[in-house]
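Student: Take any residue in the sequence shown, note its place counting from 1, add 87, and you have its number in our numbering.
All residues carry an ideal CB built from backbone N, CA and C; glycine is no exception.
Because the structure is a prediction, the values reported are computed rather than measured.
Before I ask anything, here is the structure I am working with.
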Amino acid sequence: MDTTSVKLDLQLRYRLIEIIALWEGRLTTNHLCQAFGIGRQQASKDINHYLREFAQGGLEYDRSLKGYKPTPSFRPQFCEGHAHEYLQLLDRHDDLGGVLSFLSLKLGGTEVLDVPSRHVDPQVVRTLVQAAREGLAVEVHYDSLSSEAPADDPTRLIHPHTLVFNGIRWHVRAWCEKNQGFRDFVISRFRGPASLDDSRPRIQKTDDEAWHQSVTCTLIPNPRLSPRQQKVIAKDNGMDLDTLSLPLSVPKALLPYYLKRMDVAHPYNPQLEDFYQQVVVQEAEQAKFT
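Dropping the structure here:
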C-alpha cells in the first residue's frame, strides 16, 4: 500500500508504532492509547492493520515482553529511523506540536533550525531504555574525550536512570562503575553492541544526590552593559523588568546545561567583550557555581 494514501491520523499512529518499536524494542497498545487517547480495541486494530499492510514481517509478538519487537527485516516507512525522532518524542510527549512534528509538516513563512543528526545505534538506545526501566546495568563501549585512545578505555559498566536532552544533544544520566559516581554520558559516543547485566547490585535513581538536590541561581543582564541594553536583554530572556533578574531552581546535576542553553557567560571571561556575554550569573553567586 502507498503510504501517501493513508489518512493523516493513521500516519501519525503508524509513525509512533515505528518509532517506539525501533528505539524501545517493545510496542504495546498502551503506547497508542496514551499518545492519542484511543481505546485498546482501536489501538489493537491499528497495530494489526499496520502489521498486515506495512510491516512485512518486520514486527513480531514476543510473549515474554508482552509486546511487539522489531525483527532484523524491520524497515520503517512512516519515519526516517533517526534517533532524534525518538528523543524528541520523549522531550515533547506532552506537546501537541511535538505530535504534529512527526509528519514534518511545513508551514509557509517559518523555518526551524535543527542541529545535524548524530549517529546513534538503535540497539544501544533500546538497551539503555530497558536498563533504566528495569533497574539493570549496561556494559557498553564509550568513546571518552578524557582517554587518549579507545583502547585506553575499552568498556564501561553503567547503571542508567534517565535520558536527558540539553537543547543540543542527548545524554544518559548513569552510575559509572569505573568512576564510582554518577556521570553524564553522551549517547552518540556509545559504540555498540550494548548488553544488559543483571548480576550487579542495583543502583537506584534515588542514590543520585545531585539529581535530587535543587540549587538556586539568579541570572541578570551583564551589569557592564548600558542600562538600555540591560533592559533589552532582560526582556529577551523573560526576566523581571523591575529587578532585571531571573531566579532559577534546577537540579544540581542539570545546572550546567541550563546555563549553556540560555547562553549564560559562566564563568565570566574578562578577556571577552561584554557585548558577547549578555547574560551572567549574579556576581554574589559566581563563586558558588564555579
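Kindly indicate which three-state DSSP category F165 falls into: helix, strand or coil?
Tutor: Here residue 165 refers to the residue found at position 78 when the sequence shown is read from its first residue. When DSSP states are grouped into helix, strand and coil, F165 belongs to the coil group.
Student: Is it right to say L176 is buried, meaning 16 or more other beta carbons lie within 10 angstroms of its own, or is it exposed?
Tutor: Residue mapping note: residue 176 aligns to position 89 of the sequence shown, counting from 1. With 16 or more other Cβ atoms within 10 Å, it is buried.
Student: Nearest to D294 by CA position, among V302, W262, T303, G279, is which residue?
Tutor: Start at 1 with the first residue of the sequence shown, and residue 294 comes out as number 207. Considering only alpha carbons, the answer is W262.
Student: In whole angstroms, what is the alpha-carbon distance linking S301 and V337?
Tutor: The count along the sequence shown starts at 1 and reaches residue 301 at position 214. The count along the sequence shown starts at 1 and reaches residue 337 at position 250. Looking at the two C-alpha atoms, the distance is approximately 5 angstroms.
Student: Suppose you measure from the CA of G279 to the CA of Q98; what does that come to, to the nearest Å?
Tutor: Here residue 279 refers to the residue found at position 192 when the sequence shown is read from its first residue. Here residue 98 refers to the residue found at position 11 when the sequence shown is read from its first residue. Roughly 31 angstroms separates the two Cα atoms.
Student: What separation, rounded to the nearest whole angstrom, lies between the Cα atoms of Y155 and S131?
Tutor: The sequence position of residue 155 within the sequence shown is 68, counting from 1. The sequence position of residue 131 within the sequence shown is 44, counting from 1. Their Cα atoms are separated by approximately 12 angstroms.
Student: List the whole-angstrom C-beta distance separating T214 from A142, where the pair is believed to meet the contact cut-off of C-beta under 8 angstroms.
Tutor: To locate residue 214, count along the sequence shown from 1; it is residue 127. To locate residue 142, count along the sequence shown from 1; it is residue 55. In fact, because the Cβ distance is near 23 angstroms, the residues do not count as touching under 8 angstroms.
Student: How about L146 and A108: are their beta carbons less than 8 angstroms apart?
Tutor: Locating residue 146 in the sequence shown gives position 59, counting from the first residue. Locating residue 108 in the sequence shown gives position 21, counting from the first residue. A contact, by the Cβ cut-off of 8 angstroms.
Student: If you reduce the DSSP assignment to three classes, tell me which class R311 lands in.
Tutor: Taking the first residue of the sequence shown as position 1, residue 311 is located at position 224. Coil, per DSSP.
Student: Is the separation between the beta-carbon of H228 and that of T242 shorter than 8 angstroms?
Tutor: Position 141 of the sequence shown, counted from the start, is the residue given in the question as residue 228. Position 155 of the sequence shown, counted from the start, is the residue given in the question as residue 242. A distance below 8 angstroms separates the beta carbons of H228 and T242.
Student: Sort F123, Y137, H206 by Cα distance to H171 and report the nearest one.
Tutor: In the sequence shown, counting from the first residue as 1, residue 171 sits at position 84. The shortest C-alpha separation from H171 is found at H206.
Student: Starting from S131, follow the alpha helix (DSSP H) in both directions and report where the run begins and ends.
Tutor: Numbered from 1 along the sequence shown, position 44 holds the residue referred to as residue 131. It spans 127 to 137 - the alpha helix (DSSP H) in which S131 sits, taken as one unbroken run.
Student: Go ahead and label H118 buried or exposed: buried means 16 or more other beta carbons lie within 10 angstroms of its beta carbon, across all protein chains shown.
Tutor: In the sequence shown, the residue the question calls residue 118 occupies position 31. Looking at its Cβ environment, which holds 16 or more other Cβ atoms inside 10 Å, H118 is buried.
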